[in-house]
Amino acid sequence: MKIISIRPVFFEVTNGRCFERGPHGFECDWGRVLAFDPPSRIVFTWQIAPDRVPEPNPQKASEIEVLFVEKGRTETQMKIEHRNFDKHGEYAESYKQALRSPQGWHYILKNYLESIS
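Numbering (this note's numbering), first residue to last: 1176 to 1292.
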């Protein structure tokens, strides 16, 4: 089983799980890997509902594509596209706006950068 870790997030390439591991080993699934093209691309479902509860139905999930673009020997640029918000139903637009707020992707990426620094 191949697992890629971006603390505390894990991408299990073998069966496609995206999950976080919490205290005492508790795991919470929140998506599925749809495409994995190392070292430059990963696409996965975002199975977190607008109320921040994991959504088990992948048909109700948006999709995220992350591209890693090499910028010299010591720098990599991440390009992120979060798409298909309409799959989140009637709250899709407000959810999209929430993820654009300081508590959305800005917060997620800030924590990601801190975890790899």
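Beta carbons: idealized from backbone N, C-alpha and C, even for Gly.
Residue range of the unbroken beta strand (DSSP E) whose run includes residue i
i            : result
residue 1223 : Run containing residue 1223: none; DSSP gives neither H nor E here.
residue 1230 : Unbroken run through residue 1230: none, as it is neither H nor E.
residue 1206 : 1202 to 1212
Residue of the options minimising C-alpha distance to residue i
i            : options                : result
residue 1229 : 1195, 1276, 1258, 1275 : 1195
residue 1268 : 1238, 1231, 1285, 1225 : 1225
Close beta carbons around residue i, own chain, < 7 Å, minus the five adjacent residues each side
i            : result
residue 1245 : 1251
Residue i, enclosing alpha helix (DSSP H) - first and last residue
i            : result
residue 1192 : Note, residue 1192: premise wrong, no alpha helix (DSSP H); beta strand (DSSP E) at 1192 to 1196.
residue 1272 : 1267 to 1275
residue 1281 : 1280 to 1291
For residue i, the residue or residues it bridges with in DSSP
i            : result
residue 1254 : 1242
residue 1237 : 1221
Neighbourhood of residue i by C-beta, 8 Å cutoff - its chain only, sequence neighbours within 5 removed
i            : result
residue 1260 : 1237, 1267, 1268, 1270, 1271
Nonlocal neighbours in the same chain, by C-beta distance under 6 Å from residue i, ignoring five residues either side
i            : result
residue 1254 : 1242
residue 1240 : 1218, 1256
residue 1235 : 1262
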